[in-house]
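A.B. asks: Numbering-wise, the numbering used here puts 173 at position 173 of the sequence shown, and it's gapless, one number per residue.
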Amino acid sequence: MSEHISQIKKEIESFAINTKDELEAFRLKFLSKKGEIPALFGKMKNIPPQERGSYGKLVNEVKQKAQHLFDSKKAELESDVNLNLSAKDDITLPAPEMSFGLQHPLSQTLDRIKNVFLRLGFSIANGPELEDDFHNFTALNFPPEHPARDMQDTFFIRKNPGNPAEDLVLRTHTSPVQIRLMKEQKPPVRAIMPGRVYRNESITAKSYCLFHQVEGLYVDKHVTLAELKDTLVMFIEMIYGEGVKYRIRPSFFPFTEPSLEMDVWWGDEKNGKWLEILGAGMVHPNVLKAVDIDPEEYSGFAFGMGVERIAMLFYGIDDIRLLYDNDLRFLKQFV
Ligand code: PHE
């Protein structure tokens with residue numbers, strides 16, 4: 001009989017337990033109700049009474065051994081560090097490729113623009129995308145009949161069905177943030193205001209119903225047009241490099257006087273064209289008056305640039321819609 005016990009003891013010691021399946025096989029074979037060890041206890045009644053003591057002791061030892069082995073293997077297999085590998089797992093196979101997120105080209109461009117102006121001493125301000133007529137138009141010196149208020153350009157939001165005069169607008173430019181900023185803060189004011197703007201335009205390779213602008217504003221005593229020009233030239237040289245070809249043209253905006261636009265040459269010497277990247281000018285005295293700043297004492301300049309335009313020029317993207325498709329094959333090119 002004791003030979004049978006030591007046989008089982010040997011089987012327990014040599015049983016391979018490397019997986020949870022093998023652990024379960026071990027339990028079934030030795031410890032479960034129908035396993036070998038309960039069977040050994042079952043034989044107790046056939047043992048002559050004087051030998052039962054030593055028999056019981058032997059079987060108990062075997063049981064403890066099996067239970068101890070089971071418990072420690074179980075803990076090992078369930079611990080985090082154990083990979084639970086089975087024979088068919090090949091740990092030398094290369095792992096599947098991990099894909100990391102990357103910054104959208106528009107965010108990268110916006111970061112570049114912000115960095116330039118932070119270095120030039122500008123701070124950053126924000127305003128709401130849903131604006132009222134006063135901030136988007138009136139305070140910016142748009143006359144009541146100005147074509148920019150036309151239904152074709154502006155998305156109107158009806159706040160009160162009974163009163164169209166209370167209509168709100170999705171801001172058509174970031175210039176209303178100038179008004180909010182100057183109402184909050186007395187000069188000197190020197191900030192850029194990045195954000196999303198909306199225009200009711202048909203969607204083409206060149207235009208989209210929403211896009212991003214960065215507004216700039218500097219108001220203080222004795223701010224001059226020469227400083228505006230200097231700032232803008234410094235900006236495009238820091239973005240596109242010192243050799244960048246640009247031109248500055250007179251233009252018109254209700255909220256600046258004089259007004260100008262800046263174009264950058266896109267393409268090589270022969271096959272290229274001028275691309276408008278920003279509008280700018282000296283803050284109109286009526287705008288300063290609208291926010292209770294005395295135009296006799298203070299002057300300022302403002303500019304507004306299209307982030308999509310600047311990104312398209314920088315990366316050589318020829319269709320604005322690509323920036324909004326979120327096609328990974330396109331986005332992955334901007335690591
Ligand atoms: N707000 C103008 C636009 O959207 C740009 C601009 C900003 C022009 C500030 C002059 C000064 O076109």
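We put the beta carbon where it would ideally sit given N, CA and C, even for glycine.
Is G306 closer than 9 Å to F235 when the C-beta atoms are compared?
C.D. replies: If you number the sequence shown from 1, residue 235 lands on position 235. If you number the sequence shown from 1, residue 306 lands on position 306. Against a cut-off of 9 Å, the Cβ pair of G306 and F235 comes out as no contact.
A.B. asks: Of all the options S86, Q103, V177, L328, which has the alpha carbon lying nearest to the alpha carbon of D21?
C.D. replies: Along the sequence shown, read from residue 1 onward, the residue named residue 21 stands at position 21. Of S86, Q103, V177, L328, the residue nearest in Cα terms is S86.
A.B. asks: In whole angstroms, what separates the C-alpha of Q108 from that of G195?
C.D. replies: Within the sequence shown, residue 108 is the residue found at index 108, counting from 1. Within the sequence shown, residue 195 is the residue found at index 195, counting from 1. Between Q108 and G195, the C-alpha separation is close to 14 Å.
A.B. asks: When you measure from the CB of H146 to every non-hydrogen atom of the ligand PHE, does any distance come out below 8 Å?
C.D. replies: Position 146 of the sequence shown, counting from 1, holds the residue named residue 146. Because no heavy atom of the ligand PHE lies under 8 Å away, the Cβ of H146 does not count as near it: no.
A.B. asks: Could you give the first and the last residue of the continuous beta strand (DSSP E) run that contains I236?
C.D. replies: Here residue 236 refers to the residue found at position 236 of the sequence shown. Taken as a continuous stretch (DSSP letters only), I236 belongs to no beta strand (DSSP E), being part of the alpha helix (DSSP H) at 225-240.
A.B. asks: Measuring alpha carbon to alpha carbon, tell me which of G42, L69, T204, V59 ends up nearest L23.
C.D. replies: Position 23 of the sequence shown, counted from the first residue, corresponds to residue 23. Out of G42, L69, T204, V59, L69 has the C-alpha closest to the C-alpha of L23.
A.B. asks: Scan the region 141-189 and note each continuous beta strand (DSSP E) run of 3 residues or more that stays entirely inside, going in chain order.
C.D. replies: Qualifying beta strand (DSSP E) stretches, in chain order: 168-170.
A.B. asks: Are the region 121-136 and the region 245-265 touching, with three or more C-beta to C-beta distances below 8 Å?
C.D. replies: As far as the Cβ criterion goes, the region 121-136 does not touch the region 245-265, which means the pair count is below three.
A.B. asks: Could you check if T337 belongs to the surroundings of the ligand PHE, using beta carbon to heavy atom distance under 8 Å?
C.D. replies: As displayed, the chain neither begins before 1 nor continues past 335, which places residue 337 out of reach and without an answer.
A.B. asks: Which residue marks the beginning of the beta strand (DSSP E) containing A16, and which one marks its end?
C.D. replies: Residue numbering aside, residue 16 sits at position 16 when the sequence shown is read from its first letter. No beta strand (DSSP E) holds A16; DSSP gives it neither H nor E.
A.B. asks: Are A191 and L232 closer than 9 Å when you measure CB to CB?
C.D. replies: Translated into positions along the sequence shown, residue 191 becomes position 191. Translated into positions along the sequence shown, residue 232 becomes position 232. In this structure, L232 does not lie closer than 9 Å to A191 by Cβ.
A.B. asks: May I ask which residues mark the beginning and end of the beta strand (DSSP E) holding I248?
C.D. replies: Your numbering for residue 248 matches position 248 in the sequence shown. Here the beta strand (DSSP E) through I248 covers 246-253.
A.B. asks: Is the closest heavy atom of the ligand PHE to the C-beta of E257 under 8 Å?
C.D. replies: The residue given as residue 257 occupies position 257 in the sequence shown. Answer for E257: no, Cβ out of range of the ligand PHE.
A.B. asks: Looking only at C-alpha atoms, which of H284, I317, D71 sits nearest to L140?
C.D. replies: Sequence index remark: in the sequence shown, residue 140 carries index 140 (1-based). Comparing Cα-Cα distances from L140 to each of H284, I317, D71, the minimum goes to H284.
A.B. asks: On the DSSP letters alone, give me the boundaries of the beta strand (DSSP E) that A280 sits inside.
C.D. replies: What you label residue 280 is simply residue 280 of the sequence shown in a count that begins at 1. Looking at the DSSP string, the run of the beta strand (DSSP E) that includes A280 is 272-283.
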